[in-house]
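Engineer: Just passing along the structure, written as structure tokens.
Protein chains: 2
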Amino acid sequence: MTLPVFDTAAVQKAATSQLVLDTARAALVAHAEGRTSVPPPLHMEFPGADGDCHVKAGWITGAADFTVKIATGFYGNPQAGLASNHGLVCVVSARTGQIRAILDDRGLLTAWRTAAAGALVTHAMARPDAATLAVFGAGEQARLQATWLARLRPVGMVLVHGRSPHRAAALCEELSAHGLPARPASAHEAAAADMIITTTPATAPVLDADQVREGAHVTGIGADMPHKNELPPALFGRAQLIATDDHAQCLDHGDFGHAVRAGAVAEGDDIAAGALLKSPVDRPDNAVTVADLTGVGALDAALASAVLNELLA
Amino acid sequence: MTLPVFDTAAVQKAATSQLVLDTARAALVAHAEGRTSVPPPLHMEFPGADGDCHVKAGWITGAADFTVKIATGFYGNPQAGLASNHGLVCVVSARTGQIRAILDDRGLLTAWRTAAAGALVTHAMARPDAATLAVFGAGEQARLQATWLARLRPVGMVLVHGRSPHRAAALCEELSAHGLPARPASAHEAAAADMIITTTPATAPVLDADQVREGAHVTGIGADMPHKNELPPALFGRAQLIATDDHAQCLDHGDFGHAVRAGAVAEGDDIAAGALLKSPVDRPDNAVTVADLTGVGALDAALASAVLNELLA
Numbered sequence: 002m003t004l005p006v007f008d009t010a011a012v013q014k015a016a017t018s019q020l021v022l023d024t025a026r027a028a029l030v031a032h033a034e035g036r037t038s039v040p041p042p043l044h045m046e047f048p049g050a051d052g053d054c055h056v057k058a059g060w061i062t063g064a065a066d067f068t069v070k071i072a073t074g075f076y077g078n079p080q081a082g083l084a085s086n087h088g089l090v091c092v093v094s095a096r097t098g099q100i101r102a103i104l105d106d107r108g109l110l111t112a113w114r115t116a117a118a119g120a121l122v123t124h125a126m127a128r129p130d131a132a133t134l135a136v137f138g139a140g141e142q143a144r145l146q147a148t149w150l151a152r153l154r155p156v157g158m159v160l161v162h163g164r165s166p167h168r169a170a171a172l173c174e175e176l177s178a179h180g181l182p183a184r185p186a187s188a189h190e191a192a193a194a195d196m197i198i199t200t201t202p203a204t205a206p207v208l209d210a211d212q213v214r215e216g217a218h219v220t221g222i223g224a225d226m227p228h229k230n231e232l233p234p235a236l237f238g239r240a241q242l243i244a245t246d247d248h249a250q251c252l253d254h255g256d257f258g259h260a261v262r263a264g265a266v267a268e269g270d271d272i273a274a275g276a277l278l279k280s281p282v283d284r285p286d287n288a289v290t291v292a293d294l295t296g297v298g299a300l301d302a303a304l305a306s307a308v309l310n311e312l313l314a
Numbered sequence: 002m003t004l005p006v007f008d009t010a011a012v013q014k015a016a017t018s019q020l021v022l023d024t025a026r027a028a029l030v031a032h033a034e035g036r037t038s039v040p041p042p043l044h045m046e047f048p049g050a051d052g053d054c055h056v057k058a059g060w061i062t063g064a065a066d067f068t069v070k071i072a073t074g075f076y077g078n079p080q081a082g083l084a085s086n087h088g089l090v091c092v093v094s095a096r097t098g099q100i101r102a103i104l105d106d107r108g109l110l111t112a113w114r115t116a117a118a119g120a121l122v123t124h125a126m127a128r129p130d131a132a133t134l135a136v137f138g139a140g141e142q143a144r145l146q147a148t149w150l151a152r153l154r155p156v157g158m159v160l161v162h163g164r165s166p167h168r169a170a171a172l173c174e175e176l177s178a179h180g181l182p183a184r185p186a187s188a189h190e191a192a193a194a195d196m197i198i199t200t201t202p203a204t205a206p207v208l209d210a211d212q213v214r215e216g217a218h219v220t221g222i223g224a225d226m227p228h229k230n231e232l233p234p235a236l237f238g239r240a241q242l243i244a245t246d247d248h249a250q251c252l253d254h255g256d257f258g259h260a261v262r263a264g265a266v267a268e269g270d271d272i273a274a275g276a277l278l279k280s281p282v283d284r285p286d287n288a289v290t291v292a293d294l295t296g297v298g299a300l301d302a303a304l305a306s307a308v309l310n311e312l313l314a
């Protein structure tokens, strides 16, 4: 039997937003309840080509499939007219070890599950009447976080703060063209929004904790290595509710870990983001809430398996 | 562009024995010279299905491609009429991170590079006039080690020692049918052969060091986990030349590690198998020599890349 390979267009068509949101929610809940298996990833460096390769696996315990995801980043590629990132997902039967299919999605599902997780957690933790969203960063995830959140709740205005005014303006145009009012904003103005999502590769905080208003919610999704840092420890110190998608991982290389090491909060001050998706969040109107999302491998498994079942249906 | 997938038949046709031997030899030499990159593998367990998954990556430093290999073993499969082992190899450009192709070879290249490495090292270390080969074990690797060694030098007789007399007899018939005289043998008789290759999953030595004759060579290829052990420490103690395919790996989970921990040899008593393939081995006629091969991930990379280049040529 020939191994089925599905390309990005096929994956994109099968991965409806409802499917992605439902699957991401269920997987985050499963992860919060300890029903996932995520081994330490495999990592290689290619210094001569400014490249790296990460291989991540994940499984929702007891599910029919698990996944092995290969993701490469070669940062000189754009100079040759190529995308920096490539990758694919292998969907493997957890009953027989047979490889069911390859999703040659070039990172699409990773981008979408990251967007869905950010939107779900932000929606669950923000005040019901929160209307203004600020995004820090003007890349693909900034765009996706705004558009996926707007699928869950009305977003009155998107404030975009990017290092490059040109890219921030371009993102605002794109969001507006899709019906989401958006305009560039200073860091100071963006920090005063009702909802804030940071999507940058920053290695120092991108906003000032004092500028975040009472009642606001902040979600950080950019930190994926110990030296990265988007949210200041003082923001965690102000927060009445802190959620992490994976406690150990956020301690190791998330903004939460920076806050703990700075002494702003204690190691046990967070709750599992998945738990908040299961039961409504109890948050005082004037509380500051913070979510630190570093990405959960079990979401890849759940989403790739769900998409493959759609493709084969 | 659609991701090319090559099935087992295509891979088998492209992987001529000359290509496999040349590539394995060059990769072992590169590994001995420190010109390879092999990160710690990723590992998952599926206890409910008696299954596991290993993901291994490898790169010959500076080569155009690297590989990520997924291998599963689900040991209840035969009861359902399925093979226990499945897997594939992704060949990835080390210049751009683009995935060049999938070799859906179901473990074929791993089996062949293991056979080629065993044959190359056994041929290099055995006496030129050694004629009798004993294999311990009667499975696929026992068959492959005998047939691949016979491609490098005349083999007068193969003595097969297996736990199952039935399987040993079947292997002898198969080898004889392919022009290699073979007959079942006791462990005692097999241990007295000119060349010995052990290919078992044993957890205790399969032969007695005293029964190995002066001038003999022994290659162990079965140990792939710390609790496995085929060759007795006393055999290493008798050896005048000990080769390992990867010093650290053989110390960790090879027979050499058992011998070091038993005090039979010192940690620095081995030399790199790849070094022996580059320069002729200086071995006294009556010396006992031993090779401990635990498998080098860089061979996967070199072989898959060479096979892909044949397939695309």
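These protein sequence lines map, in sequence, to chains S and E. For the first sequence, the positions run 2 to 314 when this note's numbering is used. For the second sequence, the positions run 2 to 314 when this note's numbering is used. Even glycine gets a Cβ: it sits at the ideal position worked out from N, Cα and C. Since this is a predicted model, take the numbers as computed values, not measurements.
I want to verify the contact list: residues of chain S whose CB lies under 8 angstroms from the CB of residue 78 of chain E, in sequence order.
Structural biologist: Taking the first residue of the second sequence as 1, we reach residue 78 of chain E at position 77. Within chain S, the residues near residue 78 of chain E are 97 and 98.
Engineer: Output the distance between the C-alpha atoms of residue 279 of chain E and residue 263 of chain E, rounded to the nearest integer angstrom.
Structural biologist: To locate residue 279 of chain E, count along the second sequence from 1; it is residue 278. To locate residue 263 of chain E, count along the second sequence from 1; it is residue 262. Whole-angstrom Cα-Cα distance: 31 angstroms.
Engineer: Is the distance from the Cβ of residue 1 of chain S to the Cβ of residue 294 of chain S below 8 angstroms?
Structural biologist: With chain S covering only 2 through 314, there is no way to say anything about residue 1 of chain S.
Engineer: Would a check of beta-carbon distances place residue 73 of chain E closer than 8 angstroms to chain S?
Structural biologist: Locating residue 73 of chain E in the second sequence gives position 72, where the first residue counts as 1. Yes - at least one Cβ of chain S is within 8 angstroms of the one on residue 73 of chain E.
Engineer: Closest to residue 40 of chain S by CA distance: which of S:34, S:21, S:61 and S:167 is it?
Structural biologist: The residue you call residue 40 of chain S lines up with position 39 of the first sequence. The shortest Cα separation from residue 40 of chain S among S:34, S:21, S:61 and S:167 belongs to S:61.
Engineer: Can you list the alpha helix (DSSP H) stretches of 4 or more residues lying completely in the segment 4-51 of chain E, in chain order?
Structural biologist: If we require 4 residues or more, the alpha helix (DSSP H) runs fully inside the segment 4-51 of chain E come out as 9-15 and 18-33.
Engineer: Within 10 angstroms of the Cβ of residue 78 of chain E, are there 16 or more other Cβ atoms? Answer buried if so, exposed if not.
Structural biologist: The sequence position of residue 78 of chain E within the second sequence is 77, counting from 1. It counts as buried.
Engineer: Taking only beta-carbon positions, decide if residue 38 of chain S is within less than 8 angstroms of chain E.
Structural biologist: The residue labelled residue 38 of chain S in the question sits at position 37 within the first sequence. Yes, contact with chain E.
Engineer: Taking only beta-carbon positions, decide if residue 92 of chain E is within less than 8 angstroms of chain S.
Structural biologist: Here residue 92 of chain E is taken as the residue at index 91 of the second sequence, counted from 1. Closer than 8 angstroms: no.
Engineer: Is the beta carbon of residue 222 of chain E less than 8 angstroms from the beta carbon of residue 142 of chain E?
Structural biologist: One-based indexing of the second sequence puts residue 222 of chain E at position 221. One-based indexing of the second sequence puts residue 142 of chain E at position 141. Cβ distance < 8 angstroms, so residue 222 of chain E and residue 142 of chain E count as in contact.
Engineer: For residue 227 of chain S, which residues from the same chain have a beta carbon less than 7 angstroms from its beta carbon, with the 5 sequence-adjacent residues on both sides left out?
Structural biologist: For the purposes of this step, residue 227 of chain S is taken as residue 226 along the first sequence, with counting starting at 1. For residue 227 of chain S, where only same-chain residues beyond five positions count, the Cβ hits under 7 angstroms are 253 and 254.
Engineer: Against residue 45 of chain S, what residues of chain E qualify as contacts under a CB-to-CB distance less than 8 angstroms, listed in chain order?
Structural biologist: On the first sequence, residue 45 of chain S is found 44 positions in, with the first residue counted as 1. Those within 8 angstroms of residue 45 of chain S in chain E are 38, 40, 58, 60 and 67.
Engineer: I think residue 105 of chain S touches residue 200 of chain S, with their Cβ atoms under 8 angstroms apart; what is that distance to the nearest whole Å?
Structural biologist: Here residue 105 of chain S is taken as the residue at index 104 of the first sequence, counted from 1. Here residue 200 of chain S is taken as the residue at index 199 of the first sequence, counted from 1. With 8 angstroms as the limit, residue 105 of chain S and residue 200 of chain S do not qualify as a contact, their Cβ atoms being about 25 angstroms apart.
Engineer: Taking the CB atoms as reference points, tell me whether residue 232 of chain S and residue 284 of chain S lie closer together than 8 angstroms.
Structural biologist: Within the first sequence, the letter at position 231 stands for residue 232 of chain S. Within the first sequence, the letter at position 283 stands for residue 284 of chain S. No, Cβ-Cβ distance for residue 232 of chain S and residue 284 of chain S is not below 8 angstroms.
Engineer: For residue 242 of chain E, write down the residues that DSSP places opposite it in a beta bridge.
Structural biologist: As a first step, residue 242 of chain E is located in the second sequence; it is residue number 241 there, counting from the start. DSSP, once it has assigned bridges, lists E:290 as partnering residue 242 of chain E.
Engineer: 8 angstroms is my cut-off, CB to CB: does residue 54 of chain S come that close to chain E?
Structural biologist: The residue labelled residue 54 of chain S in the question sits at position 53 within the first sequence. It does; some Cβ of chain E falls within 8 angstroms.
Engineer: Cβ closer than 8 angstroms: which chain S residues qualify as neighbours of residue 8 of chain E?
Structural biologist: Within the second sequence, numbered from 1, the residue matching residue 8 of chain E stands at position 7. What residue 8 of chain E touches in chain S: 3 and 4.
Engineer: Report buried or exposed for residue 82 of chain S, applying the criterion of at least 16 other Cβ atoms within 10 angstroms of its Cβ.
Structural biologist: Residue 82 of chain S sits at position 81 when you count from the first residue of the first sequence. Residue 82 of chain S should be labelled exposed.
Engineer: If I'm right that residue 318 of chain E touches residue 139 of chain E with Cβ under 8 angstroms, what's the distance once you round it to whole angstroms?
Structural biologist: Any answer about residue 318 of chain E is impossible in this case: the structure gives chain E only from 2 up to 314.
Engineer: Would you verify that the beta carbon of residue 87 of chain E is, or is not, closer than 8 angstroms to some beta carbon of chain S?
Structural biologist: Along the second sequence, one-based indexing puts residue 87 of chain E at 86. It does; some Cβ of chain S falls within 8 angstroms.
Engineer: Less than 8 angstroms between the C-beta atoms of residue 158 of chain S and residue 133 of chain S, yes or no?
Structural biologist: Along the first sequence, one-based indexing puts residue 158 of chain S at 157. Along the first sequence, one-based indexing puts residue 133 of chain S at 132. It is a contact, given that the beta carbons lie within the stated cut-off.
Engineer: Mind checking residue 108 of chain S: buried by the 16 CB within 10 Å criterion, or exposed?
Structural biologist: Here residue 108 of chain S corresponds to residue number 107 of the first sequence, with the count starting at 1. The residue in question, residue 108 of chain S, is buried, as its Cβ has 16 or more Cβ neighbours within 10 Å.
Engineer: Relative to the C-alpha of residue 55 of chain E, which candidate in E:15, E:42, E:217 and E:145 has its C-alpha closest?
Structural biologist: One-based indexing of the second sequence puts residue 55 of chain E at position 54. Taking only the C-alpha atoms, the option nearest residue 55 of chain E is E:42.
Engineer: List the endpoints of the continuous beta strand (DSSP E) containing residue 101 of chain S.
Structural biologist: Counted from its first residue, the first sequence places residue 101 of chain S at position 100. From DSSP, the beta strand (DSSP E) with residue 101 of chain S extends over 100-105.
Engineer: At least one CB of chain E closer than 8 angstroms to the CB of residue 105 of chain S: is that the case?
Structural biologist: As a working note, residue 105 of chain S is residue 104 in the first sequence. Yes, residue 105 of chain S lies at the interface with chain E (some Cβ there is under 8 angstroms from its Cβ).
Engineer: Residue 73 of chain E: which of S:74, S:76, S:73 and S:68 sits nearest, CA to CA?
Structural biologist: In the second sequence, the residue the question calls residue 73 of chain E occupies position 72. Comparing Cα positions, the closest option is S:68.
Engineer: Please confirm if residue 50 of chain E has its CB atom under 8 angstroms from at least one CB of chain S.
Structural biologist: Reading the second sequence from its first residue, position 49 is the one you call residue 50 of chain E. Yes, its Cβ sits closer than 8 angstroms to a Cβ of chain S.
Engineer: Which residues in the same chain as residue 26 of chain S place their Cβ atom closer than 6 angstroms to its Cβ, once the five residues preceding and following it in sequence are excluded?
Structural biologist: Walking along the first sequence from the start, residue 26 of chain S turns up at place 25. Cβ within range, chain order: 121 and 278.
Engineer: Quick check: residue 218 of chain E and residue 117 of chain E, are their CB atoms within less than 8 angstroms of each other?
Structural biologist: Counted from its first residue, the second sequence places residue 218 of chain E at position 217. Counted from its first residue, the second sequence places residue 117 of chain E at position 116. Cβ distance not < 8 angstroms, so residue 218 of chain E and residue 117 of chain E don't count as in contact.
Engineer: How many Å lie between residue 14 of chain S and residue 22 of chain S at the Cα?
Structural biologist: The residue given as residue 14 of chain S occupies position 13 in the first sequence. The residue given as residue 22 of chain S occupies position 21 in the first sequence. Computed Cα separation, rounded: 15 angstroms.
Engineer: Quick check on the burial criterion: 16 or more other C-beta atoms within 10 angstroms. Buried or exposed for residue 281 of chain E?
Structural biologist: Locating residue 281 of chain E in the second sequence gives position 280, where the first residue counts as 1. Residue 281 of chain E should be labelled exposed.
Engineer: Examine chain E for any beta-carbon lying closer than 8 angstroms to the beta-carbon of residue 83 of chain S, and answer yes or no.
Structural biologist: On the first sequence, position 82 is the one that residue 83 of chain S refers to. Yes - at least one Cβ of chain E is within 8 angstroms of the one on residue 83 of chain S.
Engineer: Apart from the five residues just before and just after residue 65 of chain E, which ones in its own chain have a Cβ nearer than 8 angstroms to its Cβ?
Structural biologist: Here residue 65 of chain E corresponds to residue number 64 of the second sequence, with the count starting at 1. The residues are 94, 95, 96 and 306.
Engineer: Considering only residues of the segment 126-178 of chain S, which uninterrupted beta strand (DSSP E) runs meet the minimum length of 3 residues and lie entirely inside it, listed in chain order?
Structural biologist: Complete beta strand (DSSP E) runs here, min 3: 133-137 and 158-162.
Engineer: Going straight from the alpha carbon of residue 214 of chain S to that of residue 220 of chain S, what length do you get?
Structural biologist: Taking the first residue of the first sequence as position 1, residue 214 of chain S is located at position 213. Taking the first residue of the first sequence as position 1, residue 220 of chain S is located at position 219. C-alpha separation (whole angstroms): 14 angstroms.
Engineer: Could you tell me the boundaries of the beta strand (DSSP E) in which residue 221 of chain E lies?
Structural biologist: As a first step, residue 221 of chain E is located in the second sequence; it is residue number 220 there, counting from the start. Residue 221 of chain E -> beta strand (DSSP E) spans 218-221.
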